[in-house]
Structures are given as structure tokens and as C-alpha cells.
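Participant:
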Amino acid sequence: MMMPPSSSKPEPVWRREPYRLFFPLGVVLGQVGVVHWLLYALGVDSTWRSTSHALTLVQGFMLCFALGFLYTFIPRRTGTEGPSAARVGVSLFLPVAVTASAWWEAWWLTEAFFLAQLGVLLSFIVPRLRAPGPGRTVPEGMVWVPIALGLGAAGAVLTAVPPGMGPPWLHALGTGLLLQGLFAGLVLGVGGMLLPMFLHGEPPGVATGARRRVRQGLHVAAALCFVASFLVEPLVSSRWGHGLRAVVVAAALVGPTRLWRAPSQSGLHRWLIWASAWLLPLGYSAVALRPELRTAGLHVVFLGCFALMALAVSTHVVLAHGGHGRLLMGHPWQVGTVGALMGVAMVARLLVPFTAGHFTLWLGIAAAAFLAATALWAFFLVPLSLGEPTPHA
65 MMMPPSSSKP EPVWRREPYR LFFPLGVVLG QVGVVHWLLY ALGVDSTWRS TSHALTLVQG
125 FMLCFALGFL YTFIPRRTGT EGPSAARVGV SLFLPVAVTA SAWWEAWWLT EAFFLAQLGV
185 LLSFIVPRLR APGPGRTVPE GMVWVPIALG LGAAGAVLTA VPPGMGPPWL HALGTGLLLQ
245 GLFAGLVLGV GGMLLPMFLH GEPPGVATGA RRRVRQGLHV AAALCFVASF LVEPLVSSRW
305 GHGLRAVVVA AALVGPTRLW RAPSQSGLHR WLIWASAWLL PLGYSAVALR PELRTAGLHV
365 VFLGCFALMA LAVSTHVVLA HGGHGRLLMG HPWQVGTVGA LMGVAMVARL LVPFTAGHFT
425 LWLGIAAAAF LAATALWAFF LVPLSLGEPT PHA
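Numbering follows the working numbering, in which position 265 of the sequence shown is assigned residue number 329; successive positions increment by one, without gaps.
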């Protein structure tokens, strides 16, 4: 007997692999968030846009890379359905809305759009982590993912509180949670699971029973200490706050992933991932040692860890999902150049406070290097992400 044809249709590629849409959008928003510093250094633009710059890079550039990765990775890891067309569409619109409202300094609107995006993402992630598909398990460290998104939401709310409506330290707490807590938490949660796999080909281990509950409890305790560091910073001292943050990050990331081991898998991008992971505890340690250089030290975290890791991990995603095994295991000059340019951007930005008479020169070099790195990333990888997906390399 002939069975009727199935009415269910396979998900389109852009729903199965949403990174194809979100990664390029992230590059565009990253360029928008940085290009004005180049124009400022060249004397074309005299506006000092430090706040919109920070919000655009975190809530636009970095958020798009996180969305592309999580919308692609979570369904594959948990054996669940990918994001709906409506969810993808809303998630493509909201980072653009965040960027536009930040440019026009409509701060309340900026954070409202950002909170909406976090809500959309949380409603996608939490049910899949709590109830993965049959035979699937979620590593204990993934508890950091909803915690990190919650820290970002709390930071957005606190930064939107007008000055004078609360204690002076409240805004500093919100800024720290928003600009650092969100993505540092994601690095600790997702990186703690994927770093051994990316660097050494080791699948993430998953405990069961009492051992699993103990490990989850340790991650939650580490997250509480991490949050406490943002309170210690304004209420006690910057040195102790960043010192505590460095210790928590090292304990949650370096130890569990045995980060002291150099990458054993072939592929130049893996060395960039490894280096970017080290720069998270090293950046916080630098601020703890020299609190007066807080802005410079935090750019080690922002550029050296967050931005470089986003570009390097996304390189792995594009090459692996596209079946480009030779490039994945090789040393493409484009990957090396992107890493070198990001290194120039980080070092140039570090030199800004040390060269008061030439700070626009170094600011311009940092901006130009970042713009060149992200543009090269796009020219190299966007064409490779087109077409039908192939089995992982």
C-alpha cells in the first residue's frame, strides 16, 4: 500500500545553520561600532562616541556572533528543533535596532531592544538545556549560559537607571555586568565545554548522578563569586574586584580545560582560540596589578579574548560545517592575517594611555586594524558559507 507523502518539509538551510546570517551581520555591526574611531583619528569626525561604541560592539557585533553560534550549536547538541523563522527574523532585527538607537544615544530604547533579544534567546535555550532530546546530555558547565544571559539582562536594566535615582556604584555595577559579565560568562560556559574539543579533539565529558549535581553546584558557586567581583570593584577596590574575577575565571576555565596544553589538533585558527582563552584571565590580572590602567587592561579582554575568540571560533564553525577540511586543518594566510591584525589592534589600543601626545594615532591604528581584520574575515569566509551544507569535516 502506497503511503501518502509526508507533509513535513526539511528546515531551510538558514534555519538549520543560522550562523550563515548572523556572522556576516555581526561583522557589519562591528564595522559600524569602530569606524567612527578611525574618522575621529583622521579629524573627519569630532564626536567622542565611547558609550555607543561599547554598546554597539557588545550588543551588536558580539551578540550576533553569539546568536549565530548558539542558534546553530544548541539544537545540534541537544537534538532539538532549530529556531523558527519568526525567531530568526526578530533576532536579526533587534541587534540592528540596538545599534541604531545607540548611535542616536537613545539609551533607554537601546536597552529595551537588547532586553527583548535576551528574552528571545533565553526562551530558546532554557527549554532545550532542561529537556534535551532522547539520548542527549548537556555538560554541567552549560549552566553558565543562562546565568550569563541573566547577567547581561541585569546589567542592561541597571545601566538604564538615570543618575541620581540610586547609589553611585549602581551604574558601575550595571556597566560591568553588561560589558563584561555577559560574554565572560558565555566563554566560561561554552568555552569550558568546547575548548578541549576544538584544541585536542576531546569530546566534552558529562557526569551523572551525584557527581553531576556536585559539578553543577561548583559552577553556580563560581558564578556567584564572579558576580560578587563586580560588587567588590566599586564598593571595595578595583584591584580586589578584578583580582577576584581573574581567580574565578582561571579556576573555571584554565583548570577544567587544562588550558596550559598547547593545541594538538592541526589548524591555525585553533592557536587563535587558545590564545584568546588565555587573554581572559591575563587581562583581568593586568587590571588587578595596575588598576590605574583599567581601560587599557580591559581592552585585552574585549579585543584579545571576546573579539578574537568570536572570529576564531566562527572560522571553525564555517569551515567545519562547510566541509572545508583542508582549510580547517591547515594554515590559511587569511586566518593568520586576521589574528595578526587583531593583535595589532589590541597592542595599539593598549598604547593609547601611554602616548598622550599621539593618542589619536594609536587609536586610529587600532580602529584600522580591527576594521581590516573583520573585513578580511568576511571576504574569506562568507563565500565559503554559501551553498548547501555538507557533512562536518
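C-beta atoms are modelled at their ideal positions from N, C-alpha and C, and glycine is treated no differently.
1. Based on Cα-Cα distance, which residue from 285, 331, 344 and 281 lies nearest to residue 310?
2. Closer than 6 Å by C-beta to residue 431: which residues in its own chain qualify, once you throw out the five before and the five after it? Chain order, please.
3. Which residues in the same chain as residue 68 place their Cβ atom closer than 8 Å to its Cβ, once the five residues preceding and following it in sequence are excluded?
4. Tell me the start and end of each unbroken alpha helix (DSSP H) in the region 111-194 that is at least 4 residues and wholly inside, in chain order.
5. What is the rounded straight-line gap between the Cα of residue 414 and the Cα of residue 365?
6. Once you ignore the five residues that flank residue 233 on each side, which residues in its own chain have a CB closer than 7 Å to its CB?
7. If you reduce the DSSP assignment to three classes, tell me which class residue 330 lands in.
8. What does the alpha-carbon distance come out to for the pair residue 269 and residue 223?
9. Report yes if the C-beta distance between residue 124 and residue 88 is below 8 Å; otherwise report no.
10. Is it true that the CB of residue 237 sits closer than 8 Å to the CB of residue 118?
11. For residue 406, count neighbouring Cβ atoms within 10 angstroms of its own Cβ and tell me buried if that reaches 16, exposed if not.
12. Starting from residue 443, trace the alpha helix (DSSP H) both ways and give me its first and last residue.
13. At 3 residues or longer, what runs of the beta strand (DSSP E) sit wholly inside the region 259-344?
14. Considering only C-alpha positions, which residue in the set 171, 162, 144 and 218 is nearest to residue 195?
15. Just the Cα atoms here: how many angstroms apart are residue 253 and residue 289?
16. With distances taken from CA atoms, which of 273, 287 and 331 is nearest residue 246?
17. DSSP three-state call for residue 346: helix, strand or coil?
18. Determine the burial state of residue 381: buried for a count of at least 16 other Cβ atoms within 10 Å of its Cβ, exposed for fewer.
19. How about the region 254-264 and the region 273-280: do they share at least three Cβ pairs that are nearer than 8 Å?
20. Just to confirm the assignment, what range does the alpha helix (DSSP H) spanning residue 358 have?
21. Look at residue 395 and residue 352 and say whether their C-beta atoms are less than 8 Å apart.
22. So is residue 330 in contact with chain B if we call contact Cβ pairs under 8 Å?
23. From residue 183 to residue 421, what does the alpha carbon distance come to, in whole angstroms?
24. By the DSSP assignment, the alpha helix (DSSP H) with residue 409 in it spans what residues?
25. I'd like the list of long-range same chain contacts for residue 86, defined as Cβ closer than 6 Å, with 5 residues on each side in sequence excluded.
26. Skipping 5 residues on each side, what residues in its chain have a beta carbon closer than 8 Å to that of residue 332?
27. For the alpha helix (DSSP H) containing residue 488, name the first residue and the last one.
28. Taking the alpha helix (DSSP H) that residue 246 falls in, what are its first and last residues?
29. Restricting to Cα atoms, I'd like to know which of 295, 259, 323 and 313 is closest to residue 284.
30. Keeping to the same chain, check which residues put their C-beta closer than 8 Å to that of residue 111; ignore five residues upstream and five downstream.
31. Within its chain, find whatever has a CB closer than 7 Å to the CB of residue 376; leave out the 5 residues flanking it on each side and keep chain order.
32. Count the other CB atoms, across all protein chains shown, that sit within 10 Å of the CB of residue 324; report buried if there are 16 or more and exposed otherwise.
33. Going by Cα to Cα distance, which pick from 151, 152, 141 and 219 is closest to residue 172?
34. For residue 94, I'd like the list of residues in its chain whose CB is within less than 6 Å of its CB, leaving aside the five on either flank, ordered along the chain.
Facilitator: On the basis of the data shown:
1. Your numbering for residue 310 matches position 246 in the sequence shown. Of 285, 331, 344 and 281, the residue nearest in Cα terms is 344.
2. Taking the sequence shown and counting its residues from 1, one reaches residue 431 at position 367. The answer, listed in chain order, is 98, 101 and 102.
3. As a first step, residue 68 must be located in the sequence shown, where it is residue number 4. Confidence at residue 68 is low in this model, with a pLDDT of 42, below 50, so the placement of that residue should be treated as unreliable; the coordinate-derived value is given next. Result list for residue 68: empty, nothing under 8 Å.
4. 114-120, 127-142, 149-167 and 171-194
5. For the purposes of this step, residue 414 is identified with residue 350 of the sequence shown, where counting begins at 1. For the purposes of this step, residue 365 is identified with residue 301 of the sequence shown, where counting begins at 1. Computed Cα separation, rounded: 11 Å.
6. In the sequence shown, the residue the question calls residue 233 occupies position 169. Excluding sequence neighbours, residue 233 sits near 298 and 299.
7. In the sequence shown, the residue the question calls residue 330 occupies position 266. In this structure, residue 330 counts as coil in the three-state DSSP scheme.
8. Position 205 of the sequence shown, counted from the first residue, corresponds to residue 269. Position 159 of the sequence shown, counted from the first residue, corresponds to residue 223. The alpha-carbon atoms of residue 269 and residue 223 are separated by roughly 38 Å.
9. What you label residue 124 is simply residue 60 of the sequence shown in a count that begins at 1. What you label residue 88 is simply residue 24 of the sequence shown in a count that begins at 1. In this structure, residue 88 does not lie closer than 8 Å to residue 124 by Cβ.
10. The residue you call residue 118 lines up with position 54 of the sequence shown. The residue you call residue 237 lines up with position 173 of the sequence shown. Contact flag unset, no.
11. Here residue 406 is taken as the residue at index 342 of the sequence shown, counted from 1. Result: buried.
12. Locating residue 443 in the sequence shown gives position 379, where the first residue counts as 1. Start and end: 423-445.
13. none
14. Translated into positions along the sequence shown, residue 195 becomes position 131. That would be 144, whose Cα lies nearest to the Cα of residue 195.
15. Within the sequence shown, numbered from 1, the residue matching residue 253 stands at position 189. Within the sequence shown, numbered from 1, the residue matching residue 289 stands at position 225. Residue 253 and residue 289: Cα-Cα distance of roughly 15 Å.
16. In the sequence shown, residue 246 corresponds to position 182, counting from 1. Comparing alpha carbon positions, the residue from 273, 287 and 331 closest to residue 246 is 287.
17. Stepping through the sequence shown from its first residue, residue 346 is reached at position 282. DSSP places residue 346 in helix when its eight states are reduced to three.
18. For the purposes of this step, residue 381 is taken as the residue at position 317 of the sequence shown. Label assigned to residue 381: buried.
19. no
20. For the purposes of this step, residue 358 is identified with residue 294 of the sequence shown, where counting begins at 1. Looking at the DSSP string, the run of the alpha helix (DSSP H) that includes residue 358 is 358-363.
21. Looking up residue 395 in the sequence shown gives position 331. Looking up residue 352 in the sequence shown gives position 288. 8 Å or more divides the Cβ of residue 395 from the Cβ of residue 352.
22. Among the protein chains of the structure shown there is no chain B, as only one such chain exists.
23. Translated into positions along the sequence shown, residue 183 becomes position 119. Translated into positions along the sequence shown, residue 421 becomes position 357. Their Cα atoms are separated by approximately 45 Å.
24. Counting from one through the sequence shown, the residue named residue 409 turns up at place 345. Unbroken alpha helix (DSSP H) run through residue 409: 397-415.
25. The sequence position of residue 86 within the sequence shown is 22, counting from 1. Only 128, 131 and 132 meet the Cβ criterion.
26. Start at 1 with the first residue of the sequence shown, and residue 332 comes out as number 268. Around residue 332: 394, 395, 396, 399, 400 and 403.
27. What the structure shows of the chain is the stretch from 65 to 457, and residue 488 is not part of that stretch, so it cannot be assessed.
28. As a position in the sequence shown, residue 246 is number 182, starting the count at 1. For residue 246, the uninterrupted alpha helix (DSSP H) segment begins and ends at 246-250.
29. Position 220 of the sequence shown holds residue 284. Cα-wise, what sits closest to residue 284 is 313.
30. Mapped onto the sequence shown, residue 111 falls at position 47. Answer for residue 111: 100 and 104, listed in chain order.
31. Looking up residue 376 in the sequence shown gives position 312. Shown here for residue 376: same chain residues with a beta carbon closer than 7 Å to its own, the five before and five after excluded, namely 333, 336, 337 and 340 in chain order.
32. Here residue 324 refers to the residue found at position 260 when the sequence shown is read from its first residue. It is exposed - the Cβ of residue 324 has fewer than 16 other Cβ atoms within 10 Å.
33. Along the sequence shown, one-based indexing puts residue 172 at 108. Nearest of 151, 152, 141 and 219 to residue 172, Cα basis: 219.
34. In the sequence shown, the residue the question calls residue 94 occupies position 30. If we look at residue 94 and ignore the five residues flanking it on each side, its Cβ neighbours are 125 and 438.
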